[in-house]
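Q: Here the first sequence stands for residues 93 to 214, numbered as in this note's numbering.
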Amino acid sequence: MSMTARESHLSAAHAAIHRAIRKIPRGCVASYGEIAARAGLPGRARMVGHVLGAAGAEAELPWHRVLRADGSVAFAPGSRAFREQKRRLAAEGVPMLRGRIDLAQYGWERNLDAALWAPPMS
DNA sequence: GGCGTGACTATAC
DNA sequence: GGTATAGCCACGC
93 MSMTARESHL
103 SAAHAAIHRA
113 IRKIPRGCVA
123 SYGEIAARAG
133 LPGRARMVGH
143 VLGAAGAEAE
153 LPWHRVLRAD
163 GSVAFAPGSR
173 AFREQKRRLA
183 AEGVPMLRGR
193 IDLAQYGWER
203 NLDAALWAPP
213 MS
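Printed below as a string of structure tokens:
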């Protein structure tokens, strides 16, 4: 089977996105845009969503750790997918408050600030 | 090829 | 907080 240059490029981007998502540590979250950037595709946040949709909920990907840039879940509140994502996050210690995840605290490589701002007292 | 749609985002009011 | 707009791009019709 042959592939056009474009198909090959898309396939590589797809794989890069899968790799970036798999690297999100347990208990952390990352935005679609951040995943795109880490996959070498800055500005292509929509492509991350598209790839995840194509992968499906059964994929062996920590899809629940991918959020919008403001820390909210991309699915409609109350929907099956929304509840499942919230449940999976809670299961690894990531709470959702007012419909959002605190990126300053749980964001991938963005939690250093939180550690400095909220050091254990006494 | 155009056009609408969408698991997006940044900027500007 | 919200709406609008523009950029992004794969996909299906």
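Cβ coordinates follow ideal geometry from the N, Cα and C atoms, glycine included. Source: prediction; values computed, not measured.
Under 8 Å between the Cβ atoms of residue 113 and residue 158?
A: By one-based count along the first sequence, residue 113 stands at place 21. By one-based count along the first sequence, residue 158 stands at place 66. Going by C-beta atoms, residue 113 is nearer than 8 Å to residue 158.
Q: Going residue by residue through the stretch 161-195, where are the continuous alpha helix (DSSP H) segments of at least 4 residues, counting only ones entirely within it?
A: Entirely contained in the stretch 161-195, the alpha helix (DSSP H) runs reaching 4 residues are, in chain order, 172-183.
Q: Could you tell me the distance, in whole angstroms, from the CA atom of residue 132 to the CA atom of residue 98?
A: In the first sequence, counting from the first residue as 1, residue 132 sits at position 40. In the first sequence, counting from the first residue as 1, residue 98 sits at position 6. Distance between the alpha carbons of residue 132 and residue 98: 16 Å.
Q: Rounded to the nearest angstrom, what separates residue 125 and residue 100 at their Cα positions?
A: Counted from its first residue, the first sequence places residue 125 at position 33. Counted from its first residue, the first sequence places residue 100 at position 8. Roughly 22 Å between the two C-alpha positions.
Q: If residue 136 sits next to residue 146, beta carbons under 8 Å apart, how far is it from one beta carbon to the other, in whole angstroms?
A: Counted from its first residue, the first sequence places residue 136 at position 44. Counted from its first residue, the first sequence places residue 146 at position 54. Not really, about 14 Å apart at Cβ, beyond 8 Å.
Q: Could you pull out every residue in the same chain whose Cβ sits closer than 8 Å to the Cβ of residue 110, ignoring the five residues on either side in sequence?
A: Looking up residue 110 in the first sequence gives position 18. So the list reads 143, 147 and 153, once near-sequence residues are dropped.
Q: Suppose the cutoff is 7 Å on Cβ atoms and the five residues either side in sequence are ignored; what does the same chain contact list for residue 168 look like?
A: Locating residue 168 in the first sequence gives position 76, where the first residue counts as 1. Result list for residue 168: 174, in chain order.
Q: When we look at the beta-carbon of residue 161 and count the other beta-carbons within 10 Å, is it buried (16 or more) or exposed?
A: For the purposes of this step, residue 161 is taken as residue 69 along the first sequence, with counting starting at 1. Its Cβ having fewer than 16 others within 10 Å, residue 161 is exposed.
Q: Indicate the three-state DSSP secondary structure (helix, strand or coil) for residue 133 in the structure shown.
A: Taking the first sequence and counting its residues from 1, one reaches residue 133 at position 41. In this structure, residue 133 counts as coil in the three-state DSSP scheme.
Q: Between the Cα of residue 121 and the Cα atoms of 155, 176 and 108, which residue gives the shortest distance?
A: Stepping through the first sequence from its first residue, residue 121 is reached at position 29. The residue with the shortest Cα to Cα distance from residue 121 is 155.
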